[in-house]
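For reference, the structure discussed in these notes is given below.
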Amino acid sequence: MITSYAPTAAHAAGSHDIRQEVARLRRLATLLDAAFRIPGTKARWGLDTLIGLLPVGGTALMLLPSLYIVWKSWRLGVGRPTLARMLANVVVEAAADLVPVLGDVFDTAFKADLRNVTLLEQHFGLTTPEMP
């Protein structure tokens, strides 16, 4: 049974704890989606693309940190509509990853984890870079 999580007063939007947690999730998402630059281009990729090259197992493995970001967002008090968008981003990326090669190209461009952290930042009214 899923129960609702109500954030405490210490987790009010804009609090220091929220900012720290969101910054930590941003670093994780950057590692997963944009840690490395393709030489000579502005294109970036991360561990999600690299590990996702492993057939099926790579996609399954990379679902864990993506779902962790969604779970932490739920724990921070993000509403259901935003959580639904976040889950949709994860599902779209995972489904595309099942297609050899083209799925990896899509994954590199779509960047579900960075999209989800941007949604989290927007929820709390924190300044964010442009959505990938």
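In terms of the numbering used here, the sequence shown opens at residue 6 and continues consecutively. Positions of the beta carbon are idealized from the N, C-alpha and C atoms, including for glycine.
Exposed unless 16 or more other CB atoms sit within 10 angstroms - verdict on residue i
i	result
G19	Confidence in G19 is poor, its pLDDT being 47 and thus under 50, which makes the residue's placement too unreliable to answer from.
F41	exposed
I43	exposed
A89	exposed
G57	buried
L107	exposed
D22	exposed
R31	buried
V122	buried
A100	exposed
V83	buried
For residue i, the three-state DSSP class (helix, strand or coil)
i	result
F41	strand
A15	In this prediction, A15 scores a pLDDT of 40, lower than 50, which makes its location untrustworthy; the coordinate-derived value is nonetheless stated afterwards. Here A15 sits in helix by DSSP.
L30	helix
L92	helix
V83	coil
L36	helix
L131	coil
L138	In the structure displayed, the chain extends from 6 to 137; residue 138 sits before or after that span and is not available.
According to DSSP, residues forming a beta bridge with residue i
i	result
R49	R42
First and last residue of the uninterrupted alpha helix (DSSP H) at residue i
i	result
P105	No alpha helix (DSSP H) holds P105; DSSP gives it neither H nor E.
V75	G62 to R80
L139	Any answer about residue 139 is impossible in this case: the structure gives the chain only from 6 up to 137.
> Do the stretch 109–116 and the stretch 45–62 make contact, defined as three or more Cβ pairs closer than 8 Å?
Replying inline: Yes, they touch.
>> Count Cβ pairs between the stretch 95–112 and the stretch 59–77 that sit closer than 8 Å; are there 3 or more?
In response: yes
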